[in-house]
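Numbered as in the working numbering, the sequence shown ends at 559 without a single skipped number.
Just so it is clear, CB atoms sit at the ideal spot from N, CA and C, and this is done for glycine as well.
All remarks here apply to the structure that follows.
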Amino acid sequence: MFAYKTFSNYPTPPVFSHVVTFWPTTFYITPLPKRNTKYTKSHFHSKRIFLSSNIPAFEVLDQEGCFLMESVSNSSSQLNVKQYEPTLVAPAEETEKGLYFLTNLDQNIAVIVRTIYCFKSESKGNEDAVKIIKDALSKVLVHYYPVAGRLTISAEGKLIVDCTGEGAVFVEAEADCTIEEIGDTTKPDPVTLGKLVYDIPGARNILEMPLLVAQVTKFKCGGFVLGLCMNHCMHDGIAAMEFVNSWSETARGLPLKVPPVLDRSLLQARNPPKIEFEHKEFAQIEDISETSELYKEEMRYNSFCFDPEKLEQLKKKATEDGVLEKCTTFEALTAFVWKSRTQALRMQPDQQTKLLFAVDGRSRFEPPIPEGYSGNAIVLTNSICNASEQLENPLSFTVGLVQKAINMITDSYMRSAIDYFEATRARPSLAATLLVTTWSKLSFHTVDFGWGEALFSGPVALPEKEVILFLSHGKERKSINVPGFSLSKHLL
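Written as structure tokens, this is what we have:
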């Protein structure tokens, strides 16, 4: 028997009186008035909460790169979705209770991530999809029991998980069309795709949100979409996909291919902290170019697709002057996007610009982090230069900066970063900054709940206006899609 509860049993959020900053968001947690109101269906209104994602990237491109990409803008279609009563899905068995430690790497990235997974069925139909996925969630939460808990604040003012076993929020929904009719779901589109992911009404911050919200939306064609809302503090991209794949394996009656490693003390800060590097990823850069003013103009989503041929051309462009012997696709594309954005924002020559991106530390820690580690094992690295240096030099200059940033990530650097946060509680500044996140290597395509692998999957929206994503694209996943925001007046 599986542990389901109606959402009317969802408890009132805990009361705190703190001012808390979880990068990149500051929020105030003040005492709430006492109330006996339960969260019933009547309290679930249609208002949706989406993070600001206004990045004026790519409205101008230099001549050396204009031939490398194809611009594709989103055209949202009408999608009507009926959501039924939310329920709580608790672990199928009794699980460990108590407080669950989150590392400083977890603390530094407590943002909400919304993703969708689209499945098409021509013969099997979707009648049993909700029950199978819901039952499997109850079972897999036994292995991932912290996900069934709730975030709270420790005595030290840090995020910590209270393993209450309350469960994840689960919603069944129906759409009035086929999956094909909603258009291109491979690009972020919060207006349309946001209807496929359930938002908790009235939640003012991450402490008032469950750690996992799942919505299964059935379509007239027999297909369905799984929409997830997860907190990044629980998993990085690799760990999140291991969780979703474990969930899908459970739905097919299979053992977990990669059982989770829940012990996060592996990445605990040293006592006392030992800071050995400067950690410019936390540096505050003065926005002398006033690029933030551009964010106030009308924005719209735009997407740029780099096929394998264009990616090879880009790598060739990065090495043709002989400065670099070789470079990877990630290095070349990251440098190209960074340089293009610097020009697009019309930065002043002496404006400093910062690049941030995450490096997977699993194999770089000493000893390596074990397979199945369920937390965040990614570490931010950085590079800073003047805008004039980027624009007056060939692409190889910026690629070289990216390579140096990657090579910085050693065990000692990562341990120092963990200790730096412990000592300072600093958050990376995003002023005059581009944050690149690559999802192109994540195992989205292997998710299979019994209806075959997901036809396509990806994010609903970008988490912040300074963020760019690299997403795999095409049937063979050899192309890379780069979604972002553009100024509407510059679009052709």
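Item	Value
Nearest by alpha-carbon distance to E287: which of A411, V503, F186 is it?	It is worth fixing the name first, because residue 287 is Lys in this sequence and not Glu. Checking every option, the nearest Cα to that of K287 belongs to F186.
Which of the three DSSP states, helix, strand or coil, is assigned to T477?	coil
Give the DSSP bridge partners of Y212, in chain order.	The partner list for Y212 (beta bridge, DSSP) is empty, contrary to what the question assumes.
Quick one: residues in its chain with C-beta nearer than 7 Å to the C-beta of N449, no 5 flanking neighbours on either side, listed in chain order?	K347, E348, K421, L422, L423, A472
Which class does E392 belong to by DSSP, given the choice of helix, strand or coil?	coil
Using only alpha-carbon positions, find the residue among L278, A222, D388, E459 that is nearest to M9.	The chain is shown only over 68 to 559; residue 9 falls outside these bounds and no answer can be derived.
Identify which residue in M297, Y368, F523 has its Cα closest to the Cα of E275.	M297
Could you give the C-beta distance for V527 and P255, rounded to a whole number, given that I count them as a contact under 8 Å?	6 Å
Is it right to say N147 is buried, meaning 16 or more other beta carbons lie within 10 angstroms of its own, or is it exposed?	exposed
Indicate the three-state DSSP secondary structure (helix, strand or coil) for A242 in the structure shown.	strand
Over what stretch of residues does the beta strand (DSSP E) that includes N369 continue unbroken?	366-373
Taking 7 Å as the cut-off, does the CB of I199 come closer than this to any heavy atom belonging to the ligand SAH?	Judged by which ligands are present, the structure shown has none, so any question about the ligand SAH falls away.
Anyone know if the C-beta pair for H299 and I176 falls short of 8 Å?	yes
Nearest CA to the CA of A350: which residue from I451, T170, P461?	I451
Inspect the beta-carbon positions of P530 and V180 and report whether they are closer than 8 Å.	yes
Can the beta-carbon of K149 be found closer than 8 Å to that of T231?	no
I'd like the list of long-range same chain contacts for A499, defined as Cβ closer than 8 Å, with 5 residues on each side in sequence excluded.	I352, E353, D354, S356, T358, M414, Q418, Q419, T420, K421
By the DSSP assignment, the alpha helix (DSSP H) with S455 in it spans what residues?	454-459
Relative to the C-alpha of A493, which residue among T154, L166, N171, Y151 is closest?	N171
With distances taken between CB atoms, is the gap from L381 to L400 smaller than 8 Å?	yes
Start and end of the alpha helix (DSSP H) containing N171?	171-174
For P550, which residues does DSSP report across the bridge?	S370
Evaluate contact between the segment 230-244 and the segment 206-215, counting only Cβ atoms and requiring at least three cross-stretch pairs below 8 Å.	yes
Do you know whose CA, among R482, F168, V390, lies nearest L447's CA?	R482
Once you ignore the five residues that flank V328 on each side, which residues in its own chain have a CB closer than 7 Å to its CB?	P437, G439, Y440, S441
Report the residue from F403, L391, M475, L462 whose alpha carbon sits nearest the alpha carbon of F432.	M475
Which of helix, strand or coil does DSSP assign to G261?	helix
Residue range of the alpha helix (DSSP H) that N312 falls in?	304-318
Which residues in the same chain have their Cβ closer than 6 Å to the Cβ of I267, if we skip the five residues on either side of it in sequence?	M276
Look at the alpha carbon of E456 and the alpha carbon of S332, and state the distance between them as a whole number of angstroms.	42 Å
Given H540, which residues of its chain have a CB within under 7 Å of its CB, disregarding the five upstream and five downstream residues?	T253, C372, S546, I547, N548
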